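Structure first, then comments.
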Amino acid sequence: MRAPRPTFAGRTAPGGALGPIPSLRPYPTLPVPQQFTFNVGPAAVYPAVRQYLQDAYDEGWLSAPHRGERFTSLVRQAVTDLKLKLNIPQDYTVLFTGSATECWEILAQGLTPRRSFHLYNGEFGKKWFDYARALRPGTTDVQFGLEEVPDMGALPFVGEDTDLVCLTQNETSTATQIRETHILQLYNRLGGALLAVDATSSLAGLNLKFIKADVWFGSVQKCFGLPAGLGVLILSPRAVARAKEVNDRAHYNGLPAALSNMLNHQTNYTPNVLGIYLLSRVMADREPIKAVAQHLADRAQKLYDFFEQATPLQPLIANHDARSTTVIGLQGEPALIEEIKRKALEAGLTLGSGYGPLKNTSIRIANFPAVSDAAMEALVQFFVKEYVAA
116 MRAPRPTFAG RTAPGGALGP IPSLRPYPTL PVPQQFTFNV GPAAVYPAVR
166 QYLQDAYDEG WLSAPHRGER FTSLVRQAVT DLKLKLNIPQ DYTVLFTGSA
216 TECWEILAQG LTPRRSFHLY NGEFGKKWFD YARALRPGTT DVQFGLEEVP
266 DMGALPFVGE DTDLVCLTQN ETSTATQIRE THILQLYNRL GGALLAVDAT
316 SSLAGLNLKF IKADVWFGSV QKCFGLPAGL GVLILSPRAV ARAKEVNDRA
366 HYNGLPAALS NMLNHQTNYT PNVLGIYLLS RVMADREPIK AVAQHLADRA
416 QKLYDFFEQA TPLQPLIANH DARSTTVIGL QGEPALIEEI KRKALEAGLT
466 LGSGYGPLKN TSIRIANFPA VSDAAMEALV QFFVKEYVAA
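Here the sequence shown is numbered in my numbering, starting from 116 and rising by one per residue.
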């Protein structure tokens, strides 16, 4: 029995639906006007960002001194809004970095004097492990299957011998996620280790329980609905204390200097001032994370049901407990995947490609807050027209 076509009426992103992307000569123009993008990163930005960029220029933020009082007030407000809208505990510390990838380096240098342990099932979790092992050769890992929910009680690490336990909460490359109940199970057996979570594709999209880990980090080009170029690193009091104990002062992005500067609402190197300004504007305008996360969860369920029951594609992940909420993975034969992407592009819809070994057999659809319901409706209408039998 064919599933009813889902509808997404009644919800719009701040500023209205995404409009056509204007061409910027002399750069190459896109072959057709693009209505909507479903890339998983860099992803769709809020339409209001266009006005924020103009405001930033008009208000002089593009050349604002990063040690001046005006900028420190901006950082203070941005952190306040982040904590308020995302339910970050007040005693946690927010730092700004260049990207989530930079956070891998910062954590290896600043919180891992001996070794870390990594749990992952995709390309980004593996890259984090590989980078950490290059800096700390004693680092170990466990890789689990795409359809598997790992047994947190059976993981082979000893908390007293491990500095940092690392997991990727939402693996963008495989469209999987580790749910909060499993993170809690892991947190309860840490011993002396800290728990670090790469939440790049879920931070500001899911209602994360920050108190259940010591380190969270991500980038703004996904669920924050902003251009790439800014990372957000969140530390618990326990992580802050450990950073001071390790006292890494050999690197420009070391945690002690970053923490000391943030006491004055500054960064330890020249930051992405525009990125922080845009982040502050977006967070001030956004709904609280509880409402955002519920909307994304409802929308994800509609999309999975539709694709599974009414189209030639199937969810990349069959296990409902392992499926990502924010990255919808779909699979099919390579020829079908290529055809769908081509036809969608002709219709003004840019679909996200698969990643790594899944590149030719899968599509990834960003279910991020800045992707409007109008975009999702257009996506469904495209599949109804092209692939759903009458």
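All residues carry an ideal CB built from backbone N, CA and C; glycine is no exception. If you're wondering where the values come from, they're calculated on a predicted model, not measured in any experiment.
Applying the criterion that 16 or more other CB atoms from any shown protein chain within 10 Å of the CB defines a buried residue, is residue i buried or exposed?
| i | result |
| --- | --- |
| residue 495 | buried |
| residue 474 | exposed |
| residue 368 | buried |
| residue 205 | exposed |
| residue 318 | buried |
| residue 486 | buried |
| residue 285 | buried |
| residue 173 | exposed |
| residue 364 | exposed |
| residue 177 | exposed |
| residue 500 | exposed |
| residue 497 | buried |
| residue 446 | buried |
| residue 189 | buried |
| residue 245 | exposed |
| residue 471 | exposed |
| residue 375 | exposed |
| residue 387 | buried |
| residue 301 | buried |
| residue 276 | exposed |
| residue 479 | buried |
| residue 137 | Low per-residue confidence applies at residue 137: pLDDT is 42, beneath 50, and the placement is therefore not dependable, though the value from the model is reported in the following sentence. Answer is exposed; the Cβ neighbour count stays below 16. |
| residue 165 | exposed |
| residue 256 | buried |
| residue 182 | exposed |
| residue 393 | buried |
| residue 266 | exposed |
| residue 449 | exposed |
| residue 484 | buried |
| residue 469 | buried |
| residue 358 | buried |
| residue 354 | buried |
| residue 142 | Model confidence at residue 142 stands at a pLDDT of 44, short of 50, so the residue's coordinates are unreliable; what they give is reported in the following sentence. So residue 142 ends up on the exposed side. |
| residue 163 | buried |
| residue 247 | buried |
So, are the CB atoms of residue i and residue j less than 9 Å apart?
| i | j | result |
| --- | --- | --- |
| residue 151 | residue 425 | no |
| residue 411 | residue 320 | yes |
| residue 323 | residue 201 | yes |
| residue 161 | residue 397 | yes |
| residue 451 | residue 459 | no |
| residue 308 | residue 280 | yes |
| residue 340 | residue 171 | no |
| residue 56 | residue 419 | Lying outside 116 to 505, the shown extent of the chain, residue 56 is not represented and no answer is given. |
| residue 154 | residue 481 | yes |
| residue 283 | residue 237 | yes |
| residue 180 | residue 421 | no |
| residue 373 | residue 210 | yes |
| residue 413 | residue 264 | no |
| residue 199 | residue 352 | no |
| residue 520 | residue 254 | Residue 520 falls outside the range modelled here, since the chain spans only 116 to 505, and no answer is possible. |
| residue 241 | residue 219 | no |
Run through the DSSP bridge pairs and tell me what residue i is partnered with.
| i | result |
| --- | --- |
| residue 243 | Paired residues: none, contrary to the question. |
| residue 331 | 312, 349 |
| residue 481 | 442 |
| residue 233 | 256, 281 |
| residue 210 | 348 |
| residue 468 | 478 |
| residue 152 | 465 |
| residue 342 | DSSP lists no partner for residue 342. |
| residue 291 | 286, 438 |
| residue 427 | Per DSSP, none; premise fails for residue 427. |
Would you check whether the ligand ZN has a heavy atom nearer than 8 Å to the C-beta of residue i?
| i | result |
| --- | --- |
| residue 272 | The model depicted lacks the ligand ZN and carries no ligand whatsoever. |
Report the CB separation of residue i from residue j in whole angstroms; it is logged as a contact under 8 Å.
| i | j | result |
| --- | --- | --- |
| residue 222 | residue 311 | 6 Å |
| residue 156 | residue 336 | 5 Å |
| residue 289 | residue 316 | Contact flag wrong, Cβ pair sits at about 11 Å. |
| residue 443 | residue 408 | Going by Cβ atoms, the distance from residue 443 to residue 408 rounds to 15 Å, so no, they are not a contact pair. |
| residue 196 | residue 395 | 6 Å |
| residue 391 | residue 193 | 6 Å |
- Would you check if there are 3 or more beta carbon pairs closer than 8 Å linking the segment 209-229 to the segment 329-349? yes
- Evaluate contact between the segment 424-441 and the segment 378-387, counting only Cβ atoms and requiring at least three cross-stretch pairs below 8 Å. no
- Query: Does the segment 215-222 come within contact of the segment 331-350, defined as at least 3 CB pairs closer than 8 Å?
  - Reply: yes
- Is the segment 229-241 touching the segment 266-282 in the sense that three or more CB pairs, one from each, lie closer than 8 Å? yes
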